[in-house]
Amino acid sequence: MTTHMTLRLAWHNDGWNGRICQNPAQNTYCVGCASYPGELIREQRDLEWEKRNAGKKFNELDRPPPCMYSASAFAEEGCEILADPPDFFNDDTETRYWEIPPATACTWPYEAMYNKEGVKKSGGGFDYDKRLEHAEAHFQSFEPNKSLVFYYANYSNPLSDDENRVYVLVGVARIKEIAPTIFYDNCSERTLEKYKGFVWQRGITSHYPEQGLRLPYHRYLDQPDILQQFAAYPENTWLCKYATKPVSDDEALGLLEQLLESARIVRDDVQDDSENWDQRIQWLESLIAELWISRGAFPGMPGILEYLGLEEAISGFRAMVESGDEQKAFSEVSDFLAGHIDYVTAFHPHEDELEEIRRTIALEHDDNLPLMLNVLSRVALNKDQLEAILSEDRFKNGISAELKDLEANPYLLSEQYTGSDGGDVIRWSMVDRGMLPSPELSGTPLFKKNSKERIRALLLETIRGNTQQTFMPASVLIDQVNKRILAQPEWKQNLITNKYLGVDKEFYDGAIYQRTEDGVVYLYALENWDNERKVEKELSQLLTASDINLPRPIGNDFWKKVLFQEESSLAANAREEYEEAIAQQIKACQRIINKRFVAVTGGAGTGKSTVIKALIKAIYKLYGEGSSVAVVAPTGKATDRIRRLLTEDGLNPVFTSTIHSILAKYGWLNPNMTFRSSGGKRLGDYSTVIIDESSMIDLSLMSALFRALDWGAVSRLILVGDAAQLPPIGVGKLYADIVSHLRAHYPDHLVELTSNLRQLESRVSGKGHGILSLANLFINDAVRGDREENEAASVEREQMIMKLHEGGEIDEDLDVVYWSDAEALQETLINRVTRDLTTEDNQDKTDAQKWGHALKDNINCFQILSPVRGELYGTESINQNVQAFKSQYWLKKGAVDGITLFDKVIQFVNRPSSRALRGFDFITRQKRADIEIFNGEIGTVVPIGKWSKIKAPNYKVTEFAVQFSGKEFISVNYTGRASDKPEANLELAYAISVHKAQGSEFDHVYFVLPKSSHSAQYMELVYTALTRATRKCTVFVEQDVSTVVNAMRPEQSALSTINSSLFEFQPVKEAIINRTDWYEAGKIHQALTGDMVRSKSEVIIANMLHERDITFWYEKPLKAADGTMYLPDFTLQVGGEEYYWEHLGLLSQPEYEEHWKEKESWYEQHFPDRLYTTEEGESLSNDAEAVIQEILGMK
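Last residue of the sequence shown: number 1195 in the UniProt record's numbering, and the count goes up by one each step with no gaps.
Below is the structure:
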C-alpha cells in the first residue's frame, strides 16, 4: 500500500512552466485569499516588475518571484528560490536561498502543524519539536520513484465562482525526489530553542515530463466553454485541504480515473495538439493498473480494524498486503473475529485483552460482521464513515436502507450517504472499485459490469451532477455516463443504452423516476420527483379548498389606513398617482385576505413588504393580537431584514426565522445540513405562514418545509418574492413556476404589484427612474406574463438602448461608463467611487479616508457588484485593488488570510446555532459563544479587545473580530479553532457577486457588466444587480451597447435553461443548454426561433429567412457614421451586402408612429436604399416573400 500526496499550486496562467506569466495582469487568481501561497504572493507581488519580465524564465530574473514555490511544478529548468524569516523570530536570521531542480513545487503539511497530537501546548502556543517531528513523518511516508503527486489549484481559479467554489485537478506526476528540511541561517539561540529555525517549505521534484501529465488549462483560458469540457474536479475534496495531504491507493485511483477522463476529452473532443495525448493516456492507464495491485482487494479493512478497536492489527495487515499475502491477512482477520484463532496479523493480545475484545465484538458488532467482512472491507471507508453507516441513526447521514439492503446492494452507499461536510463523500467510483476489483487481485467481483445496481447508481450520480435541473433527457445522461465508463479500466467498461432503462425499469424505480413525453424519455432523481409532487400536492389542495370564512369584514378604510402613508413625500407631491398605486394594493389585499394560498410578486420598490405588513395587521384585526403568524426566509440576511421591518412597524409578536433554523428545531434538518424526509415533529404552531424571498428557495428546501408543516393547522400560506430575480442555487425554479401557474389558472390567487412607488417617488422628487426603467427590460417574458412585446414596450426599449449607447448620465439615478481595458477599469472604478464620495465636508481627507469614513457611517452606502469571481473585472481582482488603495496603512501592520483591520468583509458560509461563533456583546458586556452569522452578511473588521492597542507603533494585526451590519452591538471573533479562522468564513466585500447581493439593498451600486460567454445567461443577473440600488446605479459596460442588448435577449434568461415540471412539464430544448457550437449573439437557431424573437410575426419572418438560407441577425445594433444608432429587427447579408428589415406594428398608435418616422428618416439619411419593411396584417407571409425576392434579386 503506497502513500501518495496532493500538492496545492497557486494559479499560473501559463501552465506552471517556471516563467513569469505572459500577461501577468490577467492572472488575478494567484493572489486570491483561497490560494496557497496566495498571501505571500499578494504581499510581495510587484505587477509592474512582472510586466517588465513577462514570459521570462525564473532563472533569468534578478530575483525570485513570489510565486516561486508553485510555478515551477512543470518547469524544464531549475531556479533559485528564497524564504524570508518570519517576523516573530525577531533577530538577525538571514533570508535563506536555495536551488530547486526542474519540475519542482514546494509545500508544507499545515494540517500537522495545527491539528496533530501534541503540537499545541497546554498553556498556549506550539511545540516546535513536535511540529518538526510531524513534518518529517509526513514527508517520510512518500517513496520517491513510486509515490505520485497530484497537483491541484485551490478555490482561486478560473473555474470557481461564489456559488460553486471548486478545487481543480491540474495534473499528476511520479515523485522523483523530496528535498530535505531546510533551516534558516544565523538564527539566534532563542530562535533555535523556541522555533527550531526550519523553513516551512520542502521541494517535491517529479519525473515530469517523462512520467507526468498536465491538463492544458493555460491554452484555453479565453475559451471558458472548452475549459469546462475537460476540467477535472476532485471527487473527494477533503484531499485538497491544508496545502498537502496523504492519499491512499484507492483515493489515487479515483483521481487518476478523473484525469484519464479529462485527458480523453482533451484528445478526442478538444483535439488539443500541444503534446502526444496517446502517450499520456497510455501512461495513466499503466498507473491505474499498477495502483490496483498496490491497493489490493480489501482497502477498507484498516478502517474496520480501527472501528472494532483493533488498531494494533492495522500495521501488520498492511505489511502482509505489501508482501503479497493479502488473502492470508484477510483470512486471519476473519478467523480471529470468528474466534478460531487468538491473534490477528502481528497483533497478539494478552488473555484479558482478548476476552474483552471478544466480549465487545459479541455485544456490539457480531450481527454486522458479515457485512463488514464481505462487503465493506472492499470499499476504502474510514472509521467515521463506518460508524455512520452501521449506526441505528444512519438516517442522519441520509441512509434510509436497512443493513441487509446495503449488504445486497453496496451501491446504495453512493446513492444515499451524505457526510458531515463536503469532503466526507462516498462516490460511485469508490464503491465500484470495491465491487469490481482488478482481475489480478484475490478478491472476486461481487457484481457484473452490466449489473443493474451498478448502472443505476452511476445514472443517479450523473443526474444529481446536473445541479439545477429537476430532470434531464435520458439520451443526454446516457452520453455523460458512457464518458465516465470509458475512463474505467477495460474490464469495467460496459456502455449502456436506452434498453437498460426498459429492461431494469422496476429496479431503477427505487431511485430514478422515468417519464416519457412525445416519445422522449426523461429521468429524475427520485427525490426531485417526490419533492415536486409534494409541493404540487399541498399547493393544489390549498388552491382548490374553499376560501376562509372571515369573522368580520375588512373595509376600504382599514386598508387605506395601513397602506396609505400620509407623511410620505408622495402624498404631498404626487397624491393622485400615489392614491392610484395604493388603490392597486388595496384591491390586492381585499382579494387575497380570505385565500388559503396566494403569491405576491413584484419588482423592487413595488411595495411587497408593505402589503405583507398590511395583511398581518388585518389578521390581527380579525383574530386578535395573539394570532399565530410566522414569517420565514431562506437566508439569515433576509430574515434579519424582515424582522427589522416588522419591529419598526410595531409587529413584534410575529415569529421570524430562517427556514433552516425552524427545520432544525422541529427535527427535519440533520446535523450535516441535509433534510429528513420523515420523522420530524410537525410544525403546527402557526395558522398563517409567510415565506419571504421565495425566488431564492430551491425545490429541496421548499419541499422540506412543506413536509414539516402541519397542514391541518395552517389555514393561510403566502409566498412573497420577485420572480424576475436570479433562479435559486439548487434544483429548479420553483417560485417562477408557481407564479406562471397561478397567472394561467388561478389569477385570483396571484398579486402582481406593478405600480412602482420607489420609481414614482424618484420621479416626483427629481431623483430619476432610470434604474427601474432599465431593469424592466431584463424581465423574462414568461415571468412578465407577456409572451409578445407590445409596440409601446418596443419603443421604450429602443429609446432606452439609444440613451445607453450615448453613455454618461442616463437619468438622475443611472449612469453608464464604457470600458475596454479591464486593467484600466480598476483605476476608473476606484476614481469614480472616490469622486462620488467626495463632499464639501471631506475635501481635506485622503481618498482612502473618504472610503473608510463612508463605510464606517453606513456600510451599505455603496457596493461594487460583478457577475464573476475571476478575471480582472471580477470580484477577487477588484477587492485586491480596492484593499491595496483603501487599506494600505493597515496592510503594513499585517493581515490574516488576506484581511486586515477595517476591511469590508462578507461571511460566505452559514454558522447556525449548531456551529455558532464566539464574540462579545456590547449591550450585556458579556462574552458569547452562540452567535449565528449567515452566508451573505456584510461587516467591518475591528480589533479584538481594547482598540487603544492598535495605536502602538509596533502593533501587528494577528487576529481580529467583525461587526456585522444590523448587529453592530456584537463583535464576532475569527480566531482560535480552525473552523473559525477567517479563511474558512470570510472574504473581502468591497466587491461581491450579484448572487451574494441577492436579498440586500445598497444606496449606490457600481455594477460591472462584461461581455457574456456562450454559456453565461445574464438576463436575471442584470435585473438583480440593478434592483439592488435604492438611490443610484453606475453601470460599467464592456465595449459598447451591444453588451447590454445581448444580455436582454430572450435566450439569455437563466430561468429558461432549467428543466422543471411543477404543475406543467417544461423541458428545455437541448440546443439552448448546449449552445457552445452554434451560438452567436443575434443569430437565430432554426430550431429555436420561437425562443429567440419577441413576436409571432417575427417568428414567421425568421423562419422564411431560414428556409431561403439567408444569413441574418436579429436586433443587431446598427451604428451610423455620426455615432447614432438604432436596432433593426433583422440585418440580412446577401451578396456581400447588408440590408435591414423592420417589421412595423400598429402605426395607428401615435407614440409608435412618431418613433417610426424618426427611425425611417435616420435610415434614409445614413443607409439609403437598404431598408425594407413589412406591416402587421393577414398578408404578412406574402409581403415578406416579396421582400425576400426583392433582396435576393440584388445579388
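For each residue, glycine too, the CB sits at the ideal point set by N, CA and C. This structure is a prediction, so every number in the text was calculated from the model and none was measured.
If you check the CB distance, residue 687 and residue 627 come in under 8 Å.
Put simply, of 1126, 585, 917, 87 the residue whose alpha carbon is nearest the alpha carbon of residue 979 is 917. Boundaries of the alpha helix (DSSP H) around residue 1150: 1150-1166. Counting only runs that start and end inside the stretch 521-566, the alpha helix (DSSP H) elements of at least 4 residues fall at 526-544, 556-563. The C-beta of residue 423 has fewer than 16 other C-beta atoms within 10 Å across all chains shown, which makes the residue exposed. Secondary structure of residue 753 (DSSP, three-state): strand.
Between residue 63 and residue 1024, the alpha-carbon positions lie close to 46 Å from each other. Contact annotation, residue 855 with residue 907: C-beta distance approximately 17 Å; criterion of less than 8 Å not satisfied. DSSP places residue 993 in the strand class (E or B) of the three-state scheme. The three-state reading of DSSP puts residue 28 in coil, since its state is none of H, G, I, E or B. Taking one beta carbon from each stretch, the stretch 569-580 and the stretch 717-730 have fewer than 3 pairs nearer than 8 Å; the two do not touch.
Contact check for residue 417 and residue 399: beta-carbon distance about 6 Å, within the 8 Å limit, so the pair qualifies.
Residue 500: member of the alpha helix (DSSP H) spanning 498-503, first to last residue.
For residue 1142, the secondary structure class from DSSP, reduced to helix, strand or coil, is strand. Beyond the five residues adjoining it in sequence on each side, residue 777 comes within less than 7 Å, by CB distance, of 797, 800, 1048 in the same chain, given in chain order. Under the three-state reduction of DSSP output, residue 1004 falls in the strand class. If you draw a 10 Å sphere on the C-beta of residue 744, you find fewer than 16 other C-beta atoms in it, and that means exposed. Rounded to the nearest angstrom, the gap between the Cα atoms of residue 291 and residue 430 is 14 Å.
Closest in C-alpha terms to residue 433, from the list 1126, 474, 378, comes 378. Under the DSSP assignment, residue 98 falls in the beta strand (DSSP E) whose first and last residues are 96-100. Per DSSP, reduced to three states, the secondary structure at residue 301 is helical. Excluding its 5 nearest sequence neighbours in each direction, residue 1004 has C-beta neighbours in its own chain below 8 Å: 836, 861, 862, 863, 1029, 1031, 1032, 1033, 1034, listed in chain order. Taking all protein chains shown into account, residue 242 has 16 or more neighbouring C-beta atoms within 10 Å of its C-beta and is therefore buried.
Collapsing the DSSP output to three states places residue 1110 in coil.
Considering only 884, 935, 968, the residue with the shortest C-alpha distance to residue 921 is 968.
In this structure, residue 483 sits near residue 261, with a CB-CB distance shorter than 8 Å.
The C-alpha of residue 174 is placed about 6 Å away from the C-alpha of residue 145. Judged by beta-carbon spacing, residue 934 lies beyond the 8 Å limit of residue 449, meaning their Cβ atoms are not closer than that value. Residue 971 is positioned such that its CB atom lies no closer than 8 Å to that of residue 859.
Out of 567, 272, 101, the CA that lies nearest to the CA of residue 206 is found in 101. Taking C-beta separations shorter than 8 Å and ignoring five residues to either side along the sequence, the partners of residue 833 in its chain run 851, 862, 864, 1006, following chain order. Here residue 714 carries a coil assignment [DSSP, helix/strand/coil]. In this structure, residue 74 keeps its C-beta atom at 8 Å or more from the C-beta atom of residue 65. The Cβ-Cβ distance between residue 883 and residue 1055 does not fall below 8 Å. For the options 98, 489, 234, 981, the alpha carbon positioned closest to that of residue 425 is the one of 234. By the C-beta criterion, the stretch 191-204 is judged to be in contact with the stretch 103-112, since at least 3 inter-stretch pairs fall below 8 Å.
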